[in-house]
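**Student:** Under the UniProt record's numbering, the sequence shown has 88 at position 88, and the numbering climbs by one with no breaks.
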Amino acid sequence: MLVVLGLLVPLKIGYDYYSSDYHSDLTAKAYNDMVNENINIVFYKKGCPYCEAGMSKIKSEAKQSDVTTFYVDVDSTDGQALTSRFDVIKAPTIVMIRDGAITLDYYTYDDKNGDIAVNDKYIEEVFAD
Numbered sequence: 001m002l003v004v005l006g007l008l009v010p011l012k013i014g015y016d017y018y019s020s021d022y023h024s025d026l027t028a029k030a031y032n033d034m035v036n037e038n039i040n041i042v043f044y045k046k047g048c049p050y051c052e053a054g055m056s057k058i059k060s061e062a063k064q065s066d067v068t069t070f071y072v073d074v075d076s077t078d079g080q081a082l083t084s085r086f087d088v089i090k091a092p093t094i095v096m097i098r099d100g101a102i103t104l105d106y107y108t109y110d111d112k113n114g115d116i117a118v119n120d121k122y123i124e125e126v127f128a129d
């Protein structure tokens, strides 16, 4: 867990890409405040249609949740380190860390017709308090 959070310390949070009223760096103080907390890490890629399709649901659920959430651009240097650390294969992924246990899944996928579908069930689970 400390290694995971250690990778996040210098990370520029990419949420301002989706919401211009939020800008923050994950600082050492924030790291110390959240060592024992549960967190979510939402991976995205600018211009990714799958990421864009799921972001509305993610932002809606995140607003209603007390779980700390970080948004990570997979194309950034820190994003590449974190994708490697969590074995993230595709950008539209949420990593959920609860009491040291790590779970990850895609927040969007291709449905049986080949259309982009939002994984509502997983998104709701991730943001449940």
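Note that CB positions come from ideal geometry on N, CA and C, so glycine has one too.
Alpha carbon to alpha carbon, how far is threonine 68 from threonine 108?
**Tutor:** About 21 Å.
**Student:** Is it buried or exposed, asparagine 113, if we count other Cβ atoms within 10 angstroms and call 16 or more buried?
**Tutor:** Label assigned to asparagine 113: exposed.
**Student:** With DSSP as the reference, label tyrosine 50 as helix, strand or coil.
**Tutor:** If DSSP states are grouped into helix, strand and coil, tyrosine 50 belongs with the helices.
**Student:** Could you name the residues of the same chain whose beta carbon sits closer than 7 Å to that of residue 142, not counting the 5 residues immediately before and after it, in chain order?
**Tutor:** Since the displayed the chain opens at 1 and closes at 129, residue 142 lies outside it and no answer follows.
**Student:** For aspartate 115, which option in Asp99, Asp87, Tyr50 has the closest C-alpha, if you only look at C-alpha atoms?
**Tutor:** Selected option, being the one with the closest Cα: Tyr50.
**Student:** Does the beta-carbon distance from aspartate 75 to lysine 46 come in below 8 Å?
**Tutor:** Taking 8 Å as the Cβ cut-off, aspartate 75 and lysine 46 qualify as a contacting pair.
**Student:** Over the uninterrupted beta strand (DSSP E) stretch that includes residue 130, give me the two end residues.
**Tutor:** Residue 130 lies beyond the range of the chain shown here (1 to 129); nothing can be said about it.
**Student:** Per DSSP, what kind of secondary structure is alanine 101 in: helix, strand or coil?
**Tutor:** Here alanine 101 sits in strand by DSSP.
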